[in-house]
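Numbering (full-length UniProt numbering), first residue to last: 1 to 426.
By construction, the Cβ of each residue, glycine as well, lies at the ideal position given by its N, Cα and C atoms.
Worksheet: one structure, shown below.
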C-alpha cells in the first residue's frame, strides 16, 4: 500500500502496526514507522503508544524507550507497556526505576501497571519494593483486584514471605488459577509440601481449574514428601540412577552446562575421578562453559556478591576470620564437613580448605557480621546449594540462634533453630 504511494491514515497505520505486533515483525514495523516520518504523519497518543508496544513486543527495548521519551503526551498504557517490556526481558531494576519516574509525574497506576511492577520485585531487595507497591495498591483500592492480588501472592511467595502471601490469598474476593497456583507453588518452594497438597485438595473440591504450572508445583510437593530416589540421587549417592538420568538430560539438552555439572557431581560423589575428567573433556569439546557459582546478600541497600574463594571484597580479611570462627564453633557442636562435596581429587586437608571458601559460607559470614542478632540473614545463590553448605548454614543457625533464608536455583531454604523447611531434600 505504502509502496504504491497511497495515503495512509490513522486506521491504516493502526492495522499495519497490529499485524506487525501479532507477527513480532520488527523490520516491517520499522518500515511503518519510517513511512510515518517520511509522510510527516504526526501520530496521536494512541498511535504513538501502538508504535511503542510494537517495539516492546519485538524486543527492541531501546527503540521503545526512545518512543516513550519522544512522546509529548504519555498515558498509562504507554508507561505500562514500557515497564512491562523491561520486566519481561529481565531488566527489572529499570522497570522499577521507570515505575517510580511515572509516579513522579503525578500519574496514578492502574491494576495492570501495579501487577507489572510487582513482577519486577525479585532478589533480596524485592520484598521491600514489593511492600511499597502493596501499600500503593491499598491506597488506590487495587489490592483486591485479581491481577494485583495474584502478583502480590507471587511476589511474597517467591520472597519466602509465605505468611504475607497467605494474608493476601485470604482477602481476595475471587480466586483464579493464577492466584491458586501462586500460593501452592509458594508452599512447595518453601518445603511446606503437606500444606501445598492440603490446600490443593480444598481448592480442587471448590472447583479450581489447574494448569501445567499447578501440576509442576504439586510434583515438587509430592517429590519432597516421597524423597524420590530419582530426584535425590546426588544427595543420597545413588550413582547408577543419577548417571542414567543425567545421560538422558544430555541427550535432550547437550548444550546445557548444568547437565554436565550434574553428571560430574554424581561421578565425584562416587569417587569416579576418571569419569569426572572425561565429562570435563567433553565440555571442552562441545565448548560448553559452566556458570560460576555466586551468592549475594543485600546490606544497607548495597548488594554484596561473593564467588568461591573470593578475595575481592574490601572486608575480605574480616570475612575469612569470621568463617574460621564459625567453623570452630560449629565443629564443637557436631558439624562434620562433607568432603564428598569437593569435586577435585585432592587430599582431605585441601578439601576442607576449598569448602570453607564456598560463596554461601562467605555470604553467611558477612551476614553475621553486618546484621543485628534478631535480623533474618537473607542470601540468594544462582546455583543449587551443596550439601556441606546446607549443613554449615543449619549449624550456624542452631549455634548462633540466627534465622537464615537461602534461595538457590531449586527452592527456598528457611533455616530456623538449625532446621530447614526443605527437610534436607532439594
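Exposure label - residue i; buried when at least 16 CB within 10 Å
i	result
residue 306	buried
residue 312	exposed
residue 160	buried
residue 63	buried
residue 46	exposed
residue 38	exposed
residue 302	exposed
residue 145	buried
residue 426	buried
residue 141	exposed
residue 92	buried
residue 135	exposed
residue 279	buried
residue 128	exposed
residue 265	buried
residue 211	exposed
residue 360	buried
residue 154	buried
residue 43	buried
residue 231	With a pLDDT of only 45 at residue 231, under the threshold of 50, the placement of this residue in the model should not be trusted; the figure read from the coordinates follows. The residue is buried, with at least 16 neighbouring Cβ atoms inside 10 Å.
residue 256	exposed
residue 79	buried
residue 9	exposed
residue 109	buried
residue 57	buried
residue 362	buried
residue 226	For residue 226, the pLDDT reaches just 48, beneath the cut-off of 50, and the residue's location in the model is therefore unreliable, although a value from the coordinates is still provided. With fewer than 16 Cβ atoms within 10 Å of its Cβ, residue 226 is classed as exposed.
residue 205	exposed
residue 27	exposed
residue 353	exposed
residue 138	exposed
residue 476	Shown here, the chain extends from 1 to 426; a query on residue 476 therefore has no answer.
residue 261	buried
residue 164	buried
residue 215	exposed
residue 358	buried
residue 346	exposed
residue 350	exposed
residue 49	buried
residue 277	exposed
Opening and closing residue of the alpha helix (DSSP H) in which residue i lies
i	result
residue 131	126–139
residue 366	359–370
residue 53	45–57
residue 415	Not the alpha helix (DSSP H): residue 415 falls in the beta strand (DSSP E), residues 412–416.
residue 200	193–205
residue 177	177–189
residue 15	10–23
residue 27	26–38
residue 161	That residue, residue 161, is in no alpha helix (DSSP H); it is neither H nor E in DSSP.
residue 400	387–400
residue 63	61–70
residue 84	76–88
residue 111	111–119
Opening and closing residue of the beta strand (DSSP E) in which residue i lies
i	result
residue 407	404–407
residue 381	377–381
According to DSSP, residues forming a beta bridge with residue i
i	result
residue 105	The partner list for residue 105 (beta bridge, DSSP) is empty, contrary to what the question assumes.
residue 419	416
Residue-level contact to chain D via CB, residue i, 8 Å cutoff
i	result
residue 8	The structure shown has no chain D; it contains just one protein chain.
- Query: Looking at C-beta atoms only, is the number of pairs between the region 338–354 and the region 364–379 that lie closer than 8 Å three or more?
  - Reply: no
- Query: Of all the beta strand (DSSP E) runs that stay within the bounds of the region 270–356, which reach a length of 3 or more residues?
  - Reply: 294–299 and 302–307
- Item | Stretch-stretch touch, CB-based, cutoff 8 Å, three pairs: the region 395–415 with the region 318–333 | yes
- Do three or more CB pairs link the region 50–57 to the region 20–31 at distances below 8 Å? yes
- Message: Quick test of the definition: if touching needs 3 or more C-beta pairs under 8 Å, does the region 404–416 touch the region 312–323?
- Response: no
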